[in-house]
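Scroll down for the structure; my scribbles are underneath it.
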Amino acid sequence: MLQHTLALAFIFVVISVIPLIPSAFATSYELMTPSIPKAITIDNLPAREGMVGQQLMITTTVQSNLNEARPYAAIIEIRDSDGVTIALSYQEGNMDAHGLTPMGMSWIPQKAGTYQFRTFVVSGIQNAQAYSPVASSEIKISER
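Per our numbering, the sequence shown starts with residue 281, numbered consecutively.
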């Protein structure tokens, strides 16, 4: 349990630092590329808007741009309109050369508002190095 808590604390640190990386350090070559996160309903239909209490699945697909297998951790984060992280999920694995893997998390919004979905890829939960920039999208949640 302590290891899991420490891993989540580390992820929050990574989430806080990635937006601060100056563009001068960015490269035109990304090691891995996450798709823009999307919300879908339990009926597998795209959701551009949602309702409080409605179960949604937030999905992304990670593509490796490498010629070799490499460990990774893909992260999906949901932020409220104040920029506060309200939900977080990650998936660790070993990505094959030029591999592709889907990832998703279930989310049931508890209050109305505009939410941002963010996804990015790092080398792992411990000693993380950024493998991708942040990909993001938004959804508006309304009262029933």
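Beta carbons are placed, not taken as given, at the ideal position from N, Cα and C, and that holds for glycine.
Keep in mind that this is a model prediction, so the values were computed, not measured.
* Bridge partners of residue 418, per DSSP? -> 396
* To do: Select from 338, 341, 388 the residue whose C-alpha is nearest the C-alpha of residue 423.
  => 388
* Taking only runs that begin and end inside the segment 302-360, name each unbroken beta strand (DSSP E) of 3 or more residues, in chain order. => 312-314, 318-321, 329-331, 336-344, 350-359
* **Cutoff 6 Å; reference residue 322; Cβ partners in own chain excluding five residues on either side** => 335
* **7 Å Cβ cutoff met for residue 326 and residue 399** => no
* Asked: Would residue 353 pass as a contact of residue 370 if the rule is Cβ separation under 7 Å?
  -> yes
* Asked: What did DSSP end up calling residue 378 once you bin it into helix, strand or coil?
  -> coil
* Would you check if the distance between the CB atom of residue 330 and the CB atom of residue 421 is smaller than 7 Å? => yes
* For residue 367, three-class secondary structure by DSSP -> strand
* To do: Have a look at the DSSP bridge pairing and note the partners of residue 410.
  => 402
* Asked: Alpha carbon to alpha carbon, what distance is there between residue 378 and residue 395?
  -> 31 Å
* Determine, using beta carbons only, whether residue 372 and residue 345 come nearer to each other than 7 Å. => no
* Given residue 414 as reference, the closest of 380, 360, 374, 340 once Cα atoms are compared -> 340
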